[in-house]
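Reading through the structure tokens given below for one structure.
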Amino acid sequence: MDPDHGVSGNISDAGTIKDAIEIILDEPSHEQFHWTVLVNPGEYTVSDSGDAIELGGTAENISIVGVNPESCIINVTASGVPGIKITSGTEDVRNNAIRNLTVKTASGHGIEIVKGSGQNDKTPKGIKIENCIIRADGANGRGIEVHTVEDLFVLQSEVRSDDAEGVHFESGQGSPAQSLHKNVLFEGCTISGKDIGAEIQSFTSPFVIRNCTVEGRGPSIGGTVFGIRYDKPSSPQDVLEVIASRAIAVNEATNGGETIALFRDPGSVRSVGCTFEARTAKAPAYGIKGGNYDDVRFEFIDCVFMTSCDDEKQPEVFDIWGEVTTGDKDMFVRGCDFSKWFGVIQALGPPRTQVDRILNVNAASDTAIHSGIQLSGSEQEVTTGITNPDTYRALKVVGVGTWSGGVDVWIIGTNLAGDSISERISLPCGTNPSAEGKKPFRTVTKIIVPAAELGQNQTIQVGTTDKLGLSSPLSSSSDVLQWSKVSGSVWQIQTSTLTVDVNHATLKPGSIASGDSFEFVYRTVR
Numbered sequence: 077m078d079p080d081h082g083v084s085g086n087i088s089d090a091g092t093i094k095d096a097i098e099i100i101l102d103e104p105s106h107e108q109f110h111w112t113v114l115v116n117p118g119e120y121t122v123s124d125s126g127d128a129i130e131l132g133g134t135a136e137n138i139s140i141v142g143v144n145p146e147s148c149i150i151n152v153t154a155s156g157v158p159g160i161k162i163t164s165g166t167e168d169v170r171n172n173a174i175r176n177l178t179v180k181t182a183s184g185h186g187i188e189i190v191k192g193s194g195q196n197d198k199t200p201k202g203i204k205i206e207n208c209i210i211r212a213d214g215a216n217g218r219g220i221e222v223h224t225v226e227d228l229f230v231l232q233s234e235v236r237s238d239d240a241e242g243v244h245f246e247s248g249q250g251s252p253a254q255s256l257h258k259n260v261l262f263e264g265c266t267i268s269g270k271d272i273g274a275e276i277q278s279f280t281s282p283f284v285i286r287n288c289t290v291e292g293r294g295p296s297i298g299g300t301v302f303g304i305r306y307d308k309p310s311s312p313q314d315v316l317e318v319i320a321s322r323a324i325a326v327n328e329a330t331n332g333g334e335t336i337a338l339f340r341d342p343g344s345v346r347s348v349g350c351t352f353e354a355r356t357a358k359a360p361a362y363g364i365k366g367g368n369y370d371d372v373r374f375e376f377i378d379c380v381f382m383t384s385c386d387d388e389k390q391p392e393v394f395d396i397w398g399e400v401t402t403g404d405k406d407m408f409v410r411g412c413d414f415s416k417w418f419g420v421i422q423a424l425g426p427p428r429t430q431v432d433r434i435l436n437v438n439a440a441s442d443t444a445i446h447s448g449i450q451l452s453g454s455e456q457e458v459t460t461g462i463t464n465p466d467t468y469r470a471l472k473v474v475g476v477g478t479w480s481g482g483v484d485v486w487i488i489g490t491n492l493a494g495d496s497i498s499e500r501i502s503l504p505c506g507t508n509p510s511a512e513g514k515k516p517f518r519t520v521t522k523i524i525v526p527a528a529e530l531g532q533n534q535t536i537q538v539g540t541t542d543k544l545g546l547s548s549p550l551s552s553s554s555d556v557l558q559w560s561k562v563s564g565s566v567w568q569i570q571t572s573t574l575t576v577d578v579n580h581a582t583l584k585p586g587s588i589a590s591g592d593s594f595e596f597v598y599r600t601v602r
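Using the working numbering, count along the sequence shown one by one with no gaps and you end on 602.
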């Protein structure tokens, strides 16, 4: 067939793709045979819903195949009409395939897969999409929309939505809802969506994303941007596998919400050899972010994490955001490259024993970083008169004067790996108030102080605390196996209890005297 007036085939001339499908359906016992609708080069425009392309009901064992996606284009301009819709009937296996085509829509989904409405209709099973370009260009159109499916394989394809998710798997269909996304594979694909690259709900293992790039694009004003977001697996044992892939979340909105490369809520993930990247203009950025749930595991092996925010007043920039110490602990890593983390991070497999030796530490001081910044009538960004911490440690802010209301002081600097970090330390009201930070800093490059209160003589000092930062994460306070301190010229094992902040990986050995040296032995990730 061709887009104008058909080409003789094995059965008949066919003017449209819909015509070709109907010719097959008119054949006696057509379900017993395998059929191919061969699409010749050209652009096939579907401008009316009556010409919509649907492989539904008894249209199993039919493939729609082009020569290549660059020359064989299905352009659906009809409002709300999907590019190709696959609807199941009573068959056990649909065995539908879409190959070598470009499918683009003005407002509908690129490809839509749904269960038939008949009482005996079954879950669509056995569908392959290969070497296709799928573009949903209009409002709310998803690249691939799936209500329920089994044995779906999307291979070597480009899937994009300009206004919604690149791919979207519904949370279930029917009453009661059925969670039947089962045995799904995306391989060698590029997936891109507005706000969410891929959203996956209610699946049963296996569900695999392999050798793919999945990107969620902003700007999203107030909303969250996800590379991959999934939740509600059929059971905690069902695992999303992401292999040798790249998940990206980018939000350039100056008033946007969180940006997360991979997020699950709840459910288990196993990822090997992947890159997770989150970039924002102003909002919080997370490479991966989980929550506190029972019986799930978040496993990452040989992965790379990259996060950044253009706004230096953004403290929530973490490669890995684990669970807080009070929650269920399910974040496991091995052989991964990351340097900004929060929360409980556990070793996948046997932990590694790490020794951090911190020598000749200065006593904590209220003025170690800056001796005093006189507040003025406006906010100030101070980059002079700053002394870096003597070692990797948490900082404190001291107010000299009287405050009727609390104020925020921003510390901008770097962590032990040299990555940019920031922390907001909030001073309470009162006379000469002080507050300690939680993040350890290796350098301080800028201090941002607020305007003075009207009629007040106020100064801000920035100093150091007794909380020392570790080079690697912890999973619990019991990971600290031993600590020693130099007494005179001799290292002595200490028996007093350390104050351990697992979430920020800091240790407080009590009051530090100038010249003290410490050795901490602890379990951590490999």
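By construction, the Cβ of each residue, glycine as well, lies at the ideal position given by its N, Cα and C atoms.
State buried or exposed for residue i, treating a residue as buried only when at least 16 other CB atoms are found within 10 Å of its CB.
| i | result |
| --- | --- |
| Val39 | Only positions 77 to 602 of the chain appear in the structure, and residue 39 is not among them; the question remains open. |
| Ile569 | exposed |
| His110 | exposed |
| Ala182 | buried |
| Gly481 | exposed |
| Lys389 | exposed |
| Ala493 | exposed |
| Gly184 | buried |
| Val566 | exposed |
| Cys379 | buried |
| Pro391 | buried |
| Asn327 | buried |
| Arg433 | exposed |
Taking the straight line between their C-alpha atoms, what separation do you get for residue i and residue j?
| i | j | result |
| --- | --- | --- |
| Tyr120 | Glu317 | 37 Å |
| Gln603 | Lys472 | This structure does not reach residue 603, given that the chain is present from 77 up to 602, and the question cannot be answered. |
| Asp95 | Val169 | 23 Å |
| Ile93 | Phe352 | 40 Å |
| Gln277 | Ser593 | 52 Å |
| Val624 | Leu451 | Since the first and last residues shown for the chain are 77 and 602, residue 624 lies out of range. |
| Arg305 | Phe245 | 10 Å |
| Gly477 | Thr535 | 7 Å |
| Pro509 | Val474 | 6 Å |
| Phe414 | Phe394 | 9 Å |
| Cys350 | Trp397 | 17 Å |
| Gly343 | Gln313 | 8 Å |
| Ala128 | Pro158 | 8 Å |
| Pro427 | Pro549 | 11 Å |
| Asp542 | Arg602 | 27 Å |
| Leu546 | Ile319 | 30 Å |
| Ile336 | Val179 | 29 Å |
| Asn491 | Phe262 | 37 Å |
| Gly118 | Val230 | 23 Å |
| Gly425 | Arg410 | 8 Å |
For a quick check, are the C-beta atoms of residue i and residue j less than 8 Å apart?
| i | j | result |
| --- | --- | --- |
| Thr540 | Ala423 | no |
| Asn438 | Ser590 | yes |
| Thr289 | Arg340 | no |
| Val122 | Asn176 | no |
| Ile149 | Ile174 | no |
| Lys416 | Ile497 | yes |
| Pro360 | Ala329 | no |
| Gly298 | Gly332 | yes |
| Gly186 | Ile210 | yes |
| Gly564 | Thr521 | no |
| Gly264 | Glu291 | no |
| Ile267 | Gly242 | yes |
| Gly462 | Val485 | It is Ile, not Gly, that sits at residue 462 in the sequence shown. No; because the gap between Cβ atoms is not below 8 Å, this pair is not in contact. |
| Leu338 | Gly303 | yes |
Might you give, ordered along the chain, the residues of its own chain that have their beta carbon closer than 6 Å to the beta carbon of residue i, omitting 5 neighbours on each side?
| i | result |
| --- | --- |
| Asp124 | Ala154 |
| Val260 | Leu228, Phe283 |
| Ser167 | Before going further, note that residue 167 is Glu rather than Ser in the sequence given. Here the set comprises Glu136. |
| Asp386 | Ala357 |
| Thr163 | Gly132, Val190, Gly192 |
| Phe374 | Val345, Gly366, Asp406, Met407 |
| Gly586 | none |
| Glu234 | Ile209, Thr266 |
Less than 8 Å between C-beta atoms, sequence neighbours within five positions excluded: which residues of the same chain meet that for residue i?
| i | result |
| --- | --- |
| Glu455 | Ile524, Val525, Pro526, Ala527 |
| Ser84 | Only weak support is given to the placement of Ser84: the predicted model assigns it a pLDDT of 37, under 50, and the value that follows is read from those uncertain coordinates. Correct list: empty, nothing qualifies. |
Ordered along the chain, which non-local residues of its own chain (more than five positions away) have a Cβ less than 7 Å from that of residue i?
| i | result |
| --- | --- |
| Asn533 | Gly477 |
| Ile138 | Ile97, Ile100, Trp111, Val113, Leu131, Asn172 |
| Thr47 | With the chain running from 77 to 602 in the structure shown, residue 47 is simply not present. |
Is it true that the region 236-250 meets the region 206-217, where meeting means three or more beta-carbon pairs spaced less than 8 Å apart? Counting C-beta pairs closer than 8 Å gives three or more between the region 236-250 and the region 206-217, which meets the contact rule.
Could you tell me whether the region 499-516 touches the region 566-583, where touching means 3 or more Cβ pairs closer than 8 Å? The region 499-516 vs the region 566-583: in contact.
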